[in-house]
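Mapping to UniProt numbering: the sequence shown position 14 is 14, numbers consecutive. Okay, so here's the structure we're looking at.
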Amino acid sequence: MLPNWLTEEYLQPRLRTYCKDDQLKVLKIWAKPATGKGENFVGVMTRIYVDYQLGDGSVQKKTFIVKQALPEDVPQAEVFFEYELYTREMDMYEFVLPKLKELLQEAGLDGKLTADAIAVDREYSTMILEDLAPYKFVNADRVKQLDLAHTKLTLEMLAKFHAASIILQQRHPELLTKCFFTHFFSRDKKAYSEVFTGLFRAFLRFINGQPNLKQTYGDKLEKLRTHIMEYGARVYDVGEGDLRTLNHGDCWTTNIMFQYDDAGDPQTVVAIDFQFSNCTSPTIDLHYFFTTSLKEEVRDKEPELVEHHYNALKANLEKFSYKGLFPTLEEYQLQFERRRFMSLMAHMFKPCMIYNGTEETSDFSSLYKDTTEGLRYQKSVYDSEAVIRSATKLLAILDGKGLLDLQ
Numbered sequence: 001m002l003p004n005w006l007t008e009e010y011l012q013p014r015l016r017t018y019c020k021d022d023q024l025k026v027l028k029i030w031a032k033p034a035t036g037k038g039e040n041f042v043g044v045m046t047r048i049y050v051d052y053q054l055g056d057g058s059v060q061k062k063t064f065i066v067k068q069a070l071p072e073d074v075p076q077a078e079v080f081f082e083y084e085l086y087t088r089e090m091d092m093y094e095f096v097l098p099k100l101k102e103l104l105q106e107a108g109l110d111g112k113l114t115a116d117a118i119a120v121d122r123e124y125s126t127m128i129l130e131d132l133a134p135y136k137f138v139n140a141d142r143v144k145q146l147d148l149a150h151t152k153l154t155l156e157m158l159a160k161f162h163a164a165s166i167i168l169q170q171r172h173p174e175l176l177t178k179c180f181f182t183h184f185f186s187r188d189k190k191a192y193s194e195v196f197t198g199l200f201r202a203f204l205r206f207i208n209g210q211p212n213l214k215q216t217y218g219d220k221l222e223k224l225r226t227h228i229m230e231y232g233a234r235v236y237d238v239g240e241g242d243l244r245t246l247n248h249g250d251c252w253t254t255n256i257m258f259q260y261d262d263a264g265d266p267q268t269v270v271a272i273d274f275q276f277s278n279c280t281s282p283t284i285d286l287h288y289f290f291t292t293s294l295k296e297e298v299r300d301k302e303p304e305l306v307e308h309h310y311n312a313l314k315a316n317l318e319k320f321s322y323k324g325l326f327p328t329l330e331e332y333q334l335q336f337e338r339r340r341f342m343s344l345m346a347h348m349f350k351p352c353m354i355y356n357g358t359e360e361t362s363d364f365s366s367l368y369k370d371t372t373e374g375l376r377y378q379k380s381v382y383d384s385e386a387v388i389r390s391a392t393k394l395l396a397i398l399d400g401k402g403l404l405d406l407q
């Protein structure tokens, strides 16, 4: 459904500005939902179809994506308002991303980073964005996860985003307002601690249902339970010698789109969904992406992947003639290592990200609340060989590094 305020009269001046055509005339608008049930917990996405006439008389038929904040009466909305997710994404599309695009072009790093914003409207908490489908950008399969080619391409895109944001911090620090220093584990916020403690409870129920895992890790995880928010916050803390960038903040399969060649190989990649973007170590984006989105055999190449991102980041910064602090590869690997606890926290979301069953939910709270629907949904997403394998491997790595012991 079209929001009632989204009329031809509303859209016309905004399209005129975007298309740089004062004679542009909107002829017709209609809409369809842009995402299926349960695909987007944070907002309402609608694809609008617009016929408009340009000043030269030619008629264009285009689609755009309208992204609206959840209505305030939806239970999970208060979580997102507390963390200023909507303000943050509007700031990203209106101010930050256009500036990053400009900086990348200046350094000769062309290629699309994300969809353009046609309009950002704070009164309605809405963004009208370019539709990437006509450019043949599509999502890879979140259940099958990403192979090495997709992974390396994504790391190169992140390295462009991170490099441009380091320059942005130097030249335009005023664009990175307070909301960009808020994250899942911010010590002065509350709502996500309910989310993560609930996700961790679901994880513990799963572990206790696996005799081997329970025997090996059950007690340690139980002791860890009351500390996860503080350990998560430490991961986001940036020390003196640490690299700090603007992170995507939610980099996983569904927030990345690829263009393919005729042979079906990925050629280009863009990121979407910037409501969790925040200023911290770029290695957090890596941990989150590696944990949630890679095929097992690709995940095993972790040192090579960290190095791939590091080299791309370094090469990009050289194009900007960057003179600031930059770690050696060894230091960067240590910065990545110090944030490994993030992989456990990212894994809390993984079961529903790779879920392929029939249990549907459109309510974000079903992921972490012990309601009847919540418990049924959690049991269903954890009932998977892929999740058992992934958790077994991850816990062995974390335990081997002493990260399941109290710090």
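We put the CB at the ideal spot given by N, CA and C, even for glycine. All of these numbers come straight from a predicted model, not from anything done at the bench.
Query: Cβ neighbour criterion (16 or more within 10 Å) applied to I48; Result: buried
Query: I167 versus P303: straight-line alpha-carbon distance, rounded; Result: 26 Å
Query: Beta-bridge pairing of V59 - partner residues as DSSP gives them; Result: Q53
Query: Beta-carbon gap between residue 421 and Q275 smaller than 7 Å; Result: Outside the shown range of the chain (1 to 407) lies residue 421, about which nothing can therefore be said.
Query: Beta-carbon spacing of K20, D51 below 7 Å; Result: no
Query: Cutoff 7 Å; reference M348; Cβ partners in own chain excluding five residues on either side; Result: F196, L199, F200, F203
Query: Limits of the alpha helix (DSSP H) - the one that L158 falls within; Result: 148 to 171
Query: DSSP three-state assignment for A233, whether helix, strand or coil; Result: helix
Query: Inter-residue CB distance, I272 and T154 (contact presumed, cutoff 8 Å); Result: Not a contact, Cβ separation roughly 12 Å.
Query: Where M92 falls: helix, strand or coil (DSSP); Result: helix
Query: Residues near residue 409 in its chain [Cβ-Cβ closer than 8 Å; skip 5 each side]; Result: Nothing can be reported for residue 409: it is not among the residues displayed for the chain, which extend from 1 to 407.
Query: Beta-carbon proximity check, M127 vs F185, cutoff 7 Å; Result: no
Query: Straight-line gap, L403 to D219 (C-alpha atoms, nearest Å); Result: 14 Å
Query: The segment 299 to 319 / the segment 361 to 372 touching (three or more Cβ pairs under 8 Å); Result: no
Query: Proximity to Q12 [Cα-Cα], best of P3, N4, V26; Result: V26
Query: Given V120 as reference, the closest of Y10, E222, L213 once Cα atoms are compared; Result: Y10
Query: Under 7 Å between C-beta atoms of T292 and M345; Result: no
Query: Residues bridged to C279 (per DSSP); Result: L246
Query: Alpha carbon of Y83 to alpha carbon of W252, nearest angstrom; Result: 20 Å
Query: H162 vs T63 beta-carbon contact at 7 Å; Result: no
Query: Endpoints, alpha helix (DSSP H) assigned at E360; Result: Where E360 is concerned, there is no enclosing alpha helix (DSSP H), given that its DSSP letter is neither H nor E.
Query: Nearest candidate by alpha-carbon position, reference T17, set R205, A117, H287, K223; Result: A117
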